[in-house]
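**Student:** This is the structure, below, for whatever I ask next.
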Amino acid sequence: MYERLRSLREDNDLTQKQVGEILNMSQTGYNQYEIGKNDIPTKVLIKLSEFYNTSIDYLLGLTDIKAPYKRTK
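Each number in the numbering used here comes from the position in the sequence shown (counting from 1) with 42 added on.
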């Protein structure tokens, strides 16, 4: 799962600091998610899936399909 976070970030030419700012957190805090040291809270997974336009299942490594599911909002 954590490799996907790094891959998505790098594919979008973003730094850890930039993603941290998007999530309203520090680069160090985000880095802990990316290296697998800390579990990612649900609200952060939702923000990341919306930002990268992908599903949470893809972020978690449960599917290889990047396309997001239809949102119910």
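Beta carbons are placed, not taken as given, at the ideal position from N, Cα and C, and that holds for glycine. Quantities reported herein were computed from a predicted structural model and do not represent experimental measurements.
With a cut-off of 8 Å on the beta carbons, I'd call Ser91 and Leu101 a contact; round off their distance for me.
**Tutor:** Stepping through the sequence shown from its first residue, residue 91 is reached at position 49. Stepping through the sequence shown from its first residue, residue 101 is reached at position 59. That pair is a contact at about 6 Å.
**Student:** Can you tell me the Cα-Cα spacing of Tyr94 and Leu50, whole angstroms?
**Tutor:** Counting from 1 along the sequence shown, the entry for residue 94 is found at position 52. Counting from 1 along the sequence shown, the entry for residue 50 is found at position 8. Computed Cα separation, rounded: 7 Å.
**Student:** For Thr84, which of Ser97, Asp53, Lys112 has the nearest alpha-carbon?
**Tutor:** Position 42 of the sequence shown, counting from 1, holds the residue named residue 84. Comparing Cα positions, the closest option is Ser97.
**Student:** Under three-state DSSP, which class holds Tyr95?
**Tutor:** Taking the first residue of the sequence shown as position 1, residue 95 is located at position 53. First, the amino acid is wrong: residue 95 is Asn here, not Tyr. In this structure, Asn95 counts as coil in the three-state DSSP scheme.
**Student:** Just curious, the alpha helix (DSSP H) that Asn73 is in, first and last residue?
**Tutor:** Translated into the one-based positions of the sequence shown, residue 73 becomes position 31. Per DSSP, Asn73 belongs to the alpha helix (DSSP H) from 69 to 76.
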